Amino acid sequence: MAENKLLFLFLLNVVDQTTVSVLGTCDLGFIGQNCNISCRYPSYGQGCQNRCNCYQMNCDFKTGCKGCPLGYTGNRCEIPCRYPSFGKDCQSVCNCTEKLCNHIRGCHDSSNICSSGKYSSHNVMIYSIVIGLLLLLTIIQFSVYFYLLYCFRIGRIFLTFSFKV
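Reading the sequence shown from the start, the letters are residues -17 to -1, 1 to 148 in mature numbering (1 follows the signal peptide of the UniProt record, and there is no 0).
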């Protein structure tokens, strides 16, 4: 009889540690018969029924995500930022069309890159053409110089100076 009682107490303790409480009887973030078991990641909230959609270090067992990843919002960080918002807590605003606005990084077209101080693809093309032309002119100049030097050495070109008084 004592063995049955001991087994019963052991099983009661195991059940107490694993039983999920009826919703509404425990405080947020706690479960168990005595409401003394906190929710384990990624669960949180009333009866541990909700799931965090963020890193464990950002998940509060009572309220959910403390800070959402870039471009997301909501208690479970499952809602992407809506146009024109983007970025951390959806606090930044896109300055482009909805089609070009990314909910994480914002605008990603070349005209906006130029306004942020970087070179646009148009400027890169112009610089490439100018550098190419300068290189071509330098090659032509050296070619003419070496051709004239060659001609002078074989005697095709005579330097004559004439002065009229």
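Cβ atoms here follow ideal geometry from the backbone N, Cα and C, with glycine treated the same way.
Quick caveat: nothing in here was measured; it's all calculated off a predicted structure.
Between the CA atoms of residue j and residue i - distance to the nearest angstrom
i: Val113; j: Ser75; result: 38 Å
i: Gly15; j: Pro25; result: 17 Å
i: Gly28; j: Ile62; result: 18 Å
i: His105; j: Gly50; result: 39 Å
i: Tyr130; j: Gly115; result: 22 Å
i: Thr56; j: Cys22; result: 22 Å
i: Tyr110; j: Cys84; result: 29 Å
i: Thr8; j: Lys82; result: 47 Å
i: Asn124; j: Tyr133; result: A small fix is needed here, since residue 124 is Gln in this sequence, not Asn. When rounded, the distance between both Cα atoms is 14 Å.
i: Asp10; j: Asn17; result: 11 Å
i: Cys73; j: Thr121; result: 53 Å
i: Asn33; j: His86; result: 24 Å
i: Ile20; j: Pro67; result: 42 Å
i: Val127; j: Cys77; result: 55 Å
i: Cys37; j: Cys48; result: 6 Å
i: Asn41; j: Thr80; result: 32 Å
i: Phe135; j: Val107; result: 42 Å
i: Leu119; j: Ile137; result: 27 Å
Residues sharing a beta bridge with residue i, DSSP
i: Thr46; result: The partner list for Thr46 (beta bridge, DSSP) is empty, contrary to what the question assumes.
i: Gly84; result: Sequence check: residue 84 is Cys here, not Gly. In DSSP, Cys84 forms a bridge with Cys90.
i: Ser75; result: Phe69
i: Pro63; result: Tyr55
i: Arg34; result: Ser26
i: Phe13; result: Ser21
Proximity winner among the options, relative to residue i (alpha-carbon distances)
i: Cys90; options: Phe69, Leu118, Gln32, Phe129; result: Phe69
i: Phe13; options: Arg34, Phe44, Met40; result: Phe44
i: Pro52; options: Cys35, Gln39, Lys71, Leu118; result: Lys71
i: Arg88; options: Gln32, Cys31, Leu117, Gly54; result: Gly54
i: Gly30; options: Thr46, Asn41, Leu118; result: Thr46
Whole-Å CB distance - residue i paired with residue j, under 8 Å assumed
i: Cys35; j: Arg65; result: So it is not a contact: roughly 21 Å between Cβ atoms.
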